[in-house]
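Working notes, structure below.
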Amino acid sequence: MSATVYALPSIVVFVTAAVLIVVGALGVLAVRNPVHAALSLILTLFGVAVAFIAQSADFLAAVQVIVYAGAIVVIFLFVIMFLGVGRSRHDHVEPLVGQRPLAALGVAVTVGGLIALLASSHWVTGATSASGSSLVKGTGNVRQLGTAVFTTYLYAFEATAALLVIAVIGAVVLARRERVTEEAE
Amino acid sequence: MNVPAAWYLVLAAVLFGIGAYGLLTRRSALIMFMCVELMLNAVNLTFVTFARTLSDVGGQASVFFVMVVAAAEVTVGLGIVVAVFRRRHSTSVDELTEMKG
Numbered sequence: 000m001s002a003t004v005y006a007l008p009s010i011v012v013f014v015t016a017a018v019l020i021v022v023g024a025l026g027v028l029a030v031r032n033p034v035h036a037a038l039s040l041i042l043t044l045f046g047v048a049v050a051f052i053a054q055s056a057d058f059l060a061a062v063q064v065i066v067y068a069g070a071i072v073v074i075f076l077f078v079i080m081f082l083g084v085g086r087s088r089h090d091h092v093e094p095l096v097g098q099r100p101l102a103a104l105g106v107a108v109t110v111g112g113l114i115a116l117l118a119s120s121h122w123v124t125g126a127t128s129a130s131g132s133s134l135v136k137g138t139g140n141v142r143q144l145g146t147a148v149f150t151t152y153l154y155a156f157e158a159t160a161a162l163l164v165i166a167v168i169g170a171v172v173l174a175r176r177e178r179v180t181e182e183a184e
Numbered sequence: 000m001n002v003p004a005a006w007y008l009v010l011a012a013v014l015f016g017i018g019a020y021g022l023l024t025r026r027s028a029l030i031m032f033m034c035v036e037l038m039l040n041a042v043n044l045t046f047v048t049f050a051r052t053l054s055d056v057g058g059q060a061s062v063f064f065v066m067v068v069a070a071a072e073v074t075v076g077l078g079i080v081v082a083v084f085r086r087r088h089s090t091s092v093d094e095l096t097e098m099k100g
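Same order as they appear, the protein sequences are chains A and B. Each residue of the first sequence is one higher than the one before, counting from 0 in numbering that gives the first Met the number 0. Each residue of the second sequence is one higher than the one before, counting from 0 in numbering that gives the first Met the number 0.
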C-alpha cells in the first residue's frame, strides 16, 4: 500500500484541510477572547467542509457551511455580544490540582489509542454496505442522501422535526425574563 | 488515487483530542460549548470518511442527524448560559457550586 502514489491534488486538498482544522482548533483553545475563539471555530468548520468535499459529501459540506459556520457560530457571537463577556479572567486560576496534566495525559492516551487501533486494523474489507443503500459513484450525492433520509431514515427524520420544535421552545423559555419570580424574591 | 482514509481518521482523532482537552481545561461555558462542537465535527469527519471507504450513504445520513442534534444542543445550551448569566453575571463554570455537598 505504501508503494501507491497518491494524486497530488488530493494530497494538497488534504493538507489544506488539515492545516485549517488544526490551526482553528488550537486557536479555539489558546485565544483568550471568546469572539476570537468563535472566529477560530469558523476556520475549523471550513476545514471540515473542505474535507467533506474531498470525500464526495457535497451536500454535507454545504450544510456544514450554512448551518455551522452560518447559524451556530452566529448564535455564539450573538450570545457573546449579548452577555458582554470580555476576556476570561478565570483561566489562570487552577482550582483542581493537576487538572491540566491529567487532562493532557488522558487526551494523549485516547488519541494514541485511536491511532494505534487504526494502525493495527484493516478497515477496508471491500464488502459493500449492509444497509443496502450503497454510495454509487457518478450519481448525485444529494439525490442519494435525500433518498436515504426520506426512506430508510424517515422516522429519525420526523423525530428531528419534533426535536427542533422542542429546542426552539426550550430556548425561548430559558432566555425569557421571568418577571413574576423576580418580584416574588 | 485519493489519499487513504487513515489520514482523515488520524486528522479526526487529533481534532477530537484538541476538543476534549479544551473541554477539560477551560472554565468559560461558552468556550466549553465550542470545544464540544470541535469534538462533534471530529466525529462527523470520521462518519464521512467511513461512508466513502465503505461506500455506504448511511454514514452521511448519520452526519446529517448529528448536525441537527448539534444545532438543537447549541440553542438550548446557550439559552441556559444566558439564563445563568442573568443570575450570576458570570459564565465561569467554577462559580456554579450550589449543589456542592
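All C-beta atoms, glycine included, are put in the ideal place defined by N, C-alpha and C.
Just checking my contact of residue 19(A) with residue 5(B) at CB under 8 Å: how many whole Å lie between their CB atoms? Your numbering for residue 19(A) matches position 20 in the first sequence. Your numbering for residue 5(B) matches position 6 in the second sequence. So it is not a contact: roughly 19 Å between Cβ atoms.
Euclidean distance between Cα positions of residue 128(A) and residue 96(B): Locating residue 128(A) in the first sequence gives position 129, counting from the first residue. Locating residue 96(B) in the second sequence gives position 97, counting from the first residue. With a pLDDT of 48 at residue 128(A), under the threshold of 50, the modelled position of that residue is not reliable, and the figure given next carries that caveat. Computed Cα separation, rounded: 49 Å.
Any residues in the region 4-33 of chain A with a beta carbon nearer than 7 Å to a beta carbon of chain B? Which ones, in chain order? 5, 6, 9, 10, 13, 17, 20, 21, 24, 25, 27, 28 and 33
Euclidean distance between Cα positions of residue 40(B) and residue 38(A): By 1-based counting over the second sequence, the position of residue 40(B) is 41. By 1-based counting over the first sequence, the position of residue 38(A) is 39. Taking the straight line joining both Cα atoms gives about 16 Å.
Cβ-based contacts, 8 Å cut-off: residues of the region 46-59 of chain B near chain A: 47, 48, 49, 50, 51, 52, 53, 54, 55, 56, 57 and 59
Please classify residue 119(A): does DSSP put it in a helix, a strand, or coil? Locating residue 119(A) in the first sequence gives position 120, where the first residue counts as 1. Residue 119(A): helix per DSSP, three-state reduction.
Contact check, residue 29(B) vs residue 33(A) under 8 Å by CB: the rounded distance? As a working note, residue 29(B) is residue 30 in the second sequence. As a working note, residue 33(A) is residue 34 in the first sequence. At roughly 5 Å, the Cβ-Cβ gap stays under 8 Å, so residue 29(B) and residue 33(A) are in contact.
Roughly how many angstroms lie between the CA atoms of residue 57(A) and residue 149(A), to the nearest whole one? Locating residue 57(A) in the first sequence gives position 58, where the first residue counts as 1. Locating residue 149(A) in the first sequence gives position 150, where the first residue counts as 1. Straight-line Cα distance between these residues: approximately 18 Å.
Short check: CB of residue 66(A) to CB of residue 15(A), under 8 Å? Position 67 of the first sequence, counting from 1, holds the residue named residue 66(A). Position 16 of the first sequence, counting from 1, holds the residue named residue 15(A). No, the Cβ-Cβ distance between residue 66(A) and residue 15(A) is not below 8 Å.
Helix, strand or coil for residue 9(A)? Go by DSSP, reduced to three states. Counting from 1 along the first sequence, the entry for residue 9(A) is found at position 10. The answer is helix: DSSP assigns residue 9(A) an H, G or I state.
Okay, do the region 78-95 of chain B and the region 50-69 of chain B touch, 3+ Cβ pairs below 8 Å being the bar? no
Apply the 10 Å Cβ neighbour rule to residue 96(A) and answer buried if 16 or more other Cβ atoms are within range, or exposed otherwise. Within the first sequence, residue 96(A) is the residue found at index 97, counting from 1. Label assigned to residue 96(A): exposed.
With a threshold of 8 Å between beta-carbons, can residue 14(B) be considered close to chain A, or not? Position 15 of the second sequence holds residue 14(B). Yes, residue 14(B) lies at the interface with chain A (some Cβ there is under 8 Å from its Cβ).
Cβ neighbour criterion (16 or more within 10 Å) applied to residue 110(A): What you label residue 110(A) is simply residue 111 of the first sequence in a count that begins at 1. Counting Cβ neighbours within 10 Å, residue 110(A) comes out buried, since at least 16 surround it.
Just to confirm the assignment, what range does the alpha helix (DSSP H) spanning residue 87(B) have? Here the question's residue 87(B) lines up with position 88 in the second sequence. Run containing residue 87(B): 57-87, per the alpha helix (DSSP H) assignment.
Taking 8 Å as the CB-CB cut-off, is residue 99(A) touching chain B? Position 100 of the first sequence, counted from the start, is the residue given in the question as residue 99(A). Yes - at least one Cβ of chain B is within 8 Å of the one on residue 99(A).
For residue 51(A), which residues from the same chain have a beta carbon less than 7 Å from its beta carbon, with the 5 sequence-adjacent residues on both sides left out? The residue you call residue 51(A) lines up with position 52 of the first sequence. Counting only Cβ-Cβ distances below 7 Å, and skipping sequence neighbours, we find 59, 60 and 63.
Tell whether a beta-carbon distance below 8 Å holds between residue 158(A) and residue 24(B). Along the first sequence, read from residue 1 onward, the residue named residue 158(A) stands at position 159. Along the second sequence, read from residue 1 onward, the residue named residue 24(B) stands at position 25. Not in contact: residue 158(A) and residue 24(B) (Cβ atoms no closer than 8 Å).
Could you tell me whether the Cβ of residue 75(A) comes closer than 8 Å to any Cβ of chain B? Here residue 75(A) is taken as the residue at index 76 of the first sequence, counted from 1. Yes, its Cβ sits closer than 8 Å to a Cβ of chain B.
Euclidean distance between Cα positions of residue 56(B) and residue 115(A): Taking the first residue of the second sequence as position 1, residue 56(B) is located at position 57. Taking the first residue of the first sequence as position 1, residue 115(A) is located at position 116. In a straight line, the C-alpha of residue 56(B) is about 27 Å away from that of residue 115(A).
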